[in-house]
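Reviewing the structure listed below.
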Amino acid sequence: GQVIAGNHRIQGMLNFTPKSRYIYEKAIKEYYHIDLKPDELLVRVPHNRLDNTEINNLAASSNQGRFNSESDHAIAVLSHYEAKLKELDQKLDADSIYSLKNIVAKNLNFDKATHPNVGDSNLALLMFNMPRTKTQGIELLNRWQKEFSNDIKSYEKVKKMFVDNAGSFHNLIHDMNFPNVSLNAYLSDIVDRSFANLKNYQSTSESLKDLSEKFYKTSSLEMFEKSDQGSSDISEILGGAIARFARFDDPSKALFEALRSDNIKKGLKDFKIADVTKDMFNPKSKQFKDIDIYDFTHYLLMVNREPNENNPTLKRLIEAVKDMQKESEK
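The working numbering numbers the first residue of the sequence shown as 64 and each following residue consecutively.
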């Protein structure tokens, strides 16, 4: 029949060497008093027929604490919660990061556990909302864990900030106040570029300086050599903007506040990016519903800074974002 879960174990059995097969047969004989034929394996069969979700739950429970890598863990939690993730409300109301994480866990707690697993359920939601190749998020966690092998604390800090805010990204992806941001298309790139930013730069100012030098050009024509470059460029800047929060005292809380719908509206208005209504005297003005990923990046670069901060590097980087936006509209 079809293998729903445990296929890695079955594959391991099929690839037995003569020595390991001998040890396996000997153990079966010793514990179960069964003589296996050369083409036989011993497997457990549930008493009742289980559906796919129940099989995945069983596999996740059986793997608890045994994960060899971040990918194993991510695959297991995604399988474990997938059925409930598809039913999750598009808006999760919470007034704090602590409350939001727990609302996610409570909503995904299909087996009615007394203490829902907050970390695993939020990790599953983050993975679920990444581009539908699914493996992208899973693979990048694995890669960056290896990259940060000498500084695992920094890796955990960035990962925790994103996992804690799985509900924030979920809310924003489904927020009809900003239908054109399309954040889920960029989510795995944002996570990837945030890890890279923290790995490559000692400080936010160093990161901004390098990004502005890389992307700010006097002529926007010089900037785009390839038609697909715009998407990866804005992801890099967006990743840099979000990596800044990982350097705060409480990264999860800082990012949570920046991603709240009301705070985004306030910032868009304060930074003169968009408003509730269009400015009659400015044909280029935008309403909240018109903002795109470039406007959102502009907002994230500006939010949570000192009032009247004079930062020429930041201004150049924002100009670069505006140039990219113009180029994307052609």
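Where is the CB? At the ideal position from N, CA and C, for every residue including glycine. Just so we're clear, the structure is a prediction, and the values are computed from it rather than from any experiment.
message: Between which residues of its own chain and S332 is the CB-CB distance below 7 Å, once the five residues before and five after are set aside?
response: A small fix is needed here, since residue 332 is Lys in this sequence, not Ser. Hits under 7 Å: D338.
- prompt: Since A259 is in the alpha helix (DSSP H), which residue starts that stretch and which ends it?
  reply: 250–263
- request: Starting from D156, trace the alpha helix (DSSP H) both ways and give me its first and last residue.
  value: Where D156 is concerned, there is no enclosing alpha helix (DSSP H), given that its DSSP letter is neither H nor E.
task: Sort out for me which residues DSSP pairs Q350 with in a bridge.
output: D338
- prompt: Since S257 contacts I305 with CB under 8 Å, what's their CB separation in whole angstroms?
  reply: 5 Å
- prompt: Alpha carbon to alpha carbon, how far is G230 from H96?
  reply: 51 Å
message: So, does the stretch 242–254 touch the stretch 362–381, judging by three or more C-beta pairs under 8 Å?
response: no
Classification of L318 by the beta-carbon crowding that lies within 10 angstroms, buried from 16 upward: buried
query: For E103, which of helix, strand or coil comes out of DSSP?
result: coil
message: Taking 8 Å as the threshold (C-beta atoms), are D227 and N260 in contact?
response: no
- prompt: Taking Cβ to Cβ, would you say K223 is nearer than 8 Å to S315?
  reply: yes
message: Short of 6 Å in beta carbon distance, which residues of its chain neighbour L148, apart from the five on each side in sequence? Order them along the chain.
response: F191
message: Taking only three categories from DSSP, how would you classify T376?
response: helix
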